[in-house]
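Novice:
Residue numbers (the working numbering), protein chains in the order written: chain A, 44 to 484; chain B, 127 to 376.
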């Protein structure tokens, strides 16, 4: 894997050398620190506990080029409509191969003080604001996150000032347009919701056209006292894609974070989620879904850090695994000393539809306080025969009963979301994947 | 309507039913009582077509046709309904969606038009009114987080909507307090009809105070050991089951 690290290093040198990332001294410094950290960490191997089930060999063996100029064959506004979840003309921020596309984006009618746009632009106009948050929340032991920071220059940016509720969701659409050679992008999202503010953001990761590419994404979500952020993350990359990502949320007191990660795409996907409840009475909901088939591999590593007392976290991850796919879920809950009255619930249910499919589920509880309630449960297995008989005894044919039970695994997660057009879009995708039809019966 | 002749059945090689004879005519209510492990629930689930049970000899005819040849869904379409003792939870599928799928599967098999969501709600509304209930369970996932009473109510609601010819209630009274029991029994009574028969499987006589049977059968060790009228249920309540187990060979 040394070759791979060398390749990323030389690409990074070229990237900072040509000035593509802008010239702010503190950003340069962050990149320099990050590439040093990446070099020290190297790419993870399956010898490391956290990467036991997920090999990044295929990523290491691929030479990815960084697309440095906007592509001529970027999709048209009409072509991206299939990915959109917002009303026409509202709050869509589009990135093509990691670079902001003004032509495809549309943001209008924002409440006073709200900023929605690209990080590259924000670095120019609101540099000091970005500086307060950028890179402060991602754990520093993650090589890919460090790599992302070493290439940082663009991604989605939302800033909600104190007391402002943003009713409409903002969508970041990260589109990869693969070319003749494998490409890589390092999109970086930053969402800051100040005291008593409220926002919801949909991150959509998709590929446009065939080819090999790597998306190495990082999102930081900062939610101040009394604020709320709902983050939806739809990963629908193309079949040959690699997708590695880290999401970090940081919450003040009385705050709410909802995180809804959905994985439908990519050959190899890894998502590390790090939730820190850093004020009393915070609430975090993690509501995730992965639907895999063929040789897809998806790994979720979540950490919920109860740093302060009286916080609640609810974690639900459902997986549907068909073909020769492999789903991995590792759910770590940390209750810090003094974080009394923590209430934490974790469930991971896996429906394993074929003999060759595989699910691994691992809870990891680290509890250093004594007055806490922590529950966890995981299921792995084929369709429940008892439920099959129940449905058939009501007249529902065998095949339809199987489909409905499978669909229910996805629907249960989608039902917890709160953006109707997104739910409808996901429902269509899930039906297509699991039932072979988009029709609502 | 239902003719069971010398029925023997086993699960995983163990014989549970050892020669059952039972005739049920349209409009009748038959109670099947018996101690735990007597085969009551096996009989109920076997009639609905549970794949775990194998008929080893004897016959079951329903409306003249051989019921044992039908898959569970075909039995449902033919008009057999089992109210489960332990209704199953189905994640992510709402009660309304589930019930409409079931009703449409049955309608389709009868050559009737399938109902769209709007028409279905109308049908549902009528049925709910008929049994005096509200629609509070309809938009929740099937049986998920339901209380014991809600689960049993939900079974009876399905019965009302699917309109079977033969309804088998498997220990519908288990886990219900007296108020919930009355609510469920009252709905069942409203669903009694000339062309519909009920087979009520229960361990206790209590339910039969509210759903008054025409016939009572006592099942013990896989056989019907005694049949009689509704007064037999009272006798069982007073004397228990042991007196019936004394070997006939003595």
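We treat Cβ as the ideally placed atom computed from N, Cα and C, and that holds for glycine.
Given that residue 284 of chain B touches chain A, what residues does it touch there, using C-beta distances under 7 Å?
Specialist: Translated into positions along the second chain, residue 284 of chain B becomes position 158. Chain A residues near residue 284 of chain B: 437.
Novice: By how many angstroms is the C-alpha of residue 259 of chain B removed from the C-alpha of residue 309 of chain B?
Specialist: Numbered from 1 along the second chain, position 183 holds the residue referred to as residue 309 of chain B. Numbered from 1 along the second chain, position 133 holds the residue referred to as residue 259 of chain B. Whole-angstrom Cα-Cα distance: 9 Å.
Novice: Relative to the C-alpha of residue 176 of chain A, which candidate in A/127, A/231 and A/222 has its C-alpha closest?
Specialist: To locate residue 176 of chain A, count along the first chain from 1; it is residue 133. It is A/231 whose Cα lies nearest to the Cα of residue 176 of chain A.
Novice: What separation, rounded to the nearest whole angstrom, lies between the Cα atoms of residue 337 of chain A and residue 453 of chain A?
Specialist: The residue you call residue 337 of chain A lines up with position 294 of the first chain. The residue you call residue 453 of chain A lines up with position 410 of the first chain. Their Cα atoms are separated by approximately 18 Å.
Novice: Just grab the DSSP bridge partners of residue 274 of chain A for me.
Specialist: Position 231 of the first chain holds residue 274 of chain A. Residue 274 of chain A is bridged to A/244 and A/302.
Novice: Going along chain B, which residues have a C-beta under 9 Å from residue 458 of chain A?
Specialist: Numbered from 1 along the first chain, position 415 holds the residue referred to as residue 458 of chain A. In chain order: 218, 220 and 267.
Novice: What is the C-beta distance between residue 394 of chain A and residue 441 of chain A, in whole angstroms, given that I count them as a contact (C-beta under 8 Å)?
Specialist: Position 351 of the first chain, counting from 1, holds the residue named residue 394 of chain A. Position 398 of the first chain, counting from 1, holds the residue named residue 441 of chain A. Going by Cβ atoms, the distance from residue 394 of chain A to residue 441 of chain A rounds to 17 Å, so no, they are not a contact pair.
Novice: Would you list, in chain order, the members of the segment 199 to 211 of chain B that have their beta-carbon closer than 9 Å to a beta-carbon of chain A?
Specialist: Under the 9 Å Cβ criterion, the segment 199 to 211 of chain B contributes 199, 200, 201, 202, 203, 206, 207, 208 and 210.
Novice: Taking the alpha carbon of residue 121 of chain A as the reference point, which residue from A/109, A/330 and A/147 has its own alpha carbon closest?
Specialist: One-based indexing of the first chain puts residue 121 of chain A at position 78. Nearest C-alpha to residue 121 of chain A: A/147.
Novice: Taking any Cβ of chain A, which residues in the segment 172 to 199 of chain B have a Cβ under 9 Å from it, in chain order?
Specialist: Correct list: 174, 175, 176, 177, 178, 197, 198 and 199.
Novice: First and last residue of the beta strand (DSSP E) that includes residue 294 of chain A?
Specialist: If you number the first chain from 1, residue 294 of chain A lands on position 251. Its beta strand (DSSP E) spans residues 285 to 294.
Novice: So is residue 433 of chain A in contact with chain B if we call contact Cβ pairs under 7 Å?
Specialist: The residue labelled residue 433 of chain A in the question sits at position 390 within the first chain. Closer than 7 Å to some Cβ of chain B, the Cβ of residue 433 of chain A qualifies, so yes.
Novice: Would you list the one or two residues that DSSP bridges to residue 424 of chain A?
Specialist: Along the first chain, one-based indexing puts residue 424 of chain A at 381. According to DSSP, which records beta bridges pairwise, residue 424 of chain A is partnered with A/394.
Novice: Evaluate residue 224 of chain A with the Cβ neighbour count: other Cβ atoms within 10 Å of its Cβ, from every protein chain shown; 16 or more gives buried, anything less gives exposed.
Specialist: By one-based count along the first chain, residue 224 of chain A stands at place 181. By the 10 Å Cβ count, residue 224 of chain A comes out exposed.
Novice: Any contact between the segment 155 to 167 of chain B and the segment 339 to 346 of chain B? By contact I mean 3 or more CB pairs, one from each, below 8 Å.
Specialist: Touching, yes, given that three or more Cβ pairs across the two stretches are closer than 8 Å.
Novice: With distances taken Cα to Cα, identify the nearest neighbour of residue 323 of chain A among A/76, A/97 and A/386.
Specialist: As a working mapping, residue 323 of chain A is identified with position 280 in the first chain. It is A/386 whose Cα lies nearest to the Cα of residue 323 of chain A.
Novice: Would you kindly check if the distance between the Cβ of residue 216 of chain A and the Cβ of residue 126 of chain A is under 7 Å?
Specialist: Numbered from 1 along the first chain, position 83 holds the residue referred to as residue 126 of chain A. Numbered from 1 along the first chain, position 173 holds the residue referred to as residue 216 of chain A. Yes, these two residues count as a Cβ contact at 7 Å.
Novice: Using a Cβ-Cβ cut-off of 7 Å (strictly less than) and excluding sequence neighbours within five positions of residue 50 of chain A, which residues of its own chain qualify?
Specialist: In the first chain, the residue the question calls residue 50 of chain A occupies position 7. Excluding residues within five positions, the ones whose Cβ falls inside 7 Å are 106.
Novice: Whose Cβ in chain B lies nearer than 8 Å to the Cβ of residue 452 of chain A?
Specialist: Your numbering for residue 452 of chain A matches position 409 in the first chain. Under the 8 Å cutoff, chain B gives 217 and 218.
Novice: Around the C-beta of residue 284 of chain B, are 16 or more other C-beta atoms found within 10 angstroms, so that it is buried, or is it exposed?
Specialist: Along the second chain, one-based indexing puts residue 284 of chain B at 158. When all chains shown are included, residue 284 of chain B counts as buried.
Novice: Taking the alpha-carbon of residue 260 of chain A as reference, which of A/295, A/57 and A/315 has the nearest alpha-carbon?
Specialist: The residue you call residue 260 of chain A lines up with position 217 of the first chain. Closest by alpha carbon: A/315.
Novice: Buried or exposed: where does residue 450 of chain A fall if 16 or more other Cβ atoms within 10 Å of its Cβ makes it buried?
Specialist: The count along the first chain starts at 1 and reaches residue 450 of chain A at position 407. With 16 or more Cβ atoms within 10 Å of its Cβ, residue 450 of chain A is classed as buried.
Novice: May I have the straight-line CA-CA distance separating residue 321 of chain B from residue 443 of chain A, to the nearest angstrom?
Specialist: Here residue 321 of chain B refers to the residue found at position 195 of the second chain. Here residue 443 of chain A refers to the residue found at position 400 of the first chain. If I take the Cα positions, the gap works out to 30 Å.
Novice: Looking at the unbroken beta strand (DSSP E) that takes in residue 350 of chain B, where does it start and where does it end?
Specialist: Within the second chain, residue 350 of chain B is the residue found at index 224, counting from 1. Note, residue 350 of chain B: beta strand (DSSP E), 349 to 354.
Novice: For chain A, check one thing: does any of its Cβ atoms lie closer than 7 Å to the Cβ of residue 327 of chain B?
Specialist: Residue 327 of chain B sits at position 201 when you count from the first residue of the second chain. No, residue 327 of chain B does not count as interfacial toward chain A.
Novice: Can you list, in chain order, the residues of its chain whose CB lies under 7 Å from that of residue 376 of chain B, leaving out five sequence neighbours each side?
Specialist: For this step, residue 376 of chain B is matched to residue 250 along the second chain. No answer about residue 376 of chain B holds up, because its pLDDT of 40 lies below 50 and its placement is not dependable.
Novice: Residue 368 of chain B to residue 351 of chain B, Cα distance in whole Å?
Specialist: Start at 1 with the first residue of the second chain, and residue 368 of chain B comes out as number 242. Start at 1 with the first residue of the second chain, and residue 351 of chain B comes out as number 225. Using only the alpha carbons, I get a separation of about 12 Å.
Novice: So if DSSP puts residue 258 of chain A in a beta bridge, which residue, or which two residues, is it bridged to?
Specialist: Numbered from its first residue, the first chain carries residue 258 of chain A at position 215. Its beta-bridge partners are A/228 and A/286.
Novice: For the alpha helix (DSSP H) that contains residue 312 of chain B, what are its first and last residues?
Specialist: By 1-based counting over the second chain, the position of residue 312 of chain B is 186. Element bounds for residue 312 of chain B: 304 to 317.
Novice: Take residue 65 of chain A as the anchor and find which of A/370, A/162, A/456 and A/403 has the nearest alpha-carbon.
Specialist: For the purposes of this step, residue 65 of chain A is taken as residue 22 along the first chain, with counting starting at 1. Among A/370, A/162, A/456 and A/403, the Cα nearest to that of residue 65 of chain A belongs to A/162.
Novice: Looking at C-alpha atoms only, which residue of A/353, A/340 and A/426 is the closest neighbour of residue 416 of chain A?
Specialist: Counting from one through the first chain, the residue named residue 416 of chain A turns up at place 373. Answer by Cα proximity: A/353.
Novice: When the cut-off is 7 Å and only beta carbons count, does residue 142 of chain B lie next to chain A?
Specialist: Here residue 142 of chain B is taken as the residue at index 16 of the second chain, counted from 1. No, its Cβ sits nowhere closer than 7 Å to a Cβ of chain A.
Novice: Counting Cβ pairs closer than 8 Å, one from the segment 284 to 300 of chain B and one from the segment 248 to 257 of chain B, do we hit at least three?
Specialist: The segment 284 to 300 of chain B is in contact with the segment 248 to 257 of chain B.
Novice: Hey, is the segment 235 to 243 of chain A in contact with the segment 262 to 282 of chain A, meaning 3+ C-beta pairs nearer than 8 Å?
Specialist: Yes, since at least three Cβ pairs between the segment 235 to 243 of chain A and the segment 262 to 282 of chain A fall closer than 8 Å, the two stretches touch.
Novice: Mind listing the chain B neighbours of residue 441 of chain A? Cutoff is C-beta to C-beta under 8 Å, in chain order.
Specialist: Start at 1 with the first residue of the first chain, and residue 441 of chain A comes out as number 398. Simply 197 and 199.
Novice: Whose C-beta lies closer than 6 Å to the C-beta of residue 150 of chain A among residues of the same chain, with five residues either side of it excluded?
Specialist: As a working mapping, residue 150 of chain A is identified with position 107 in the first chain. So the list reads 134 and 159, once near-sequence residues are dropped.
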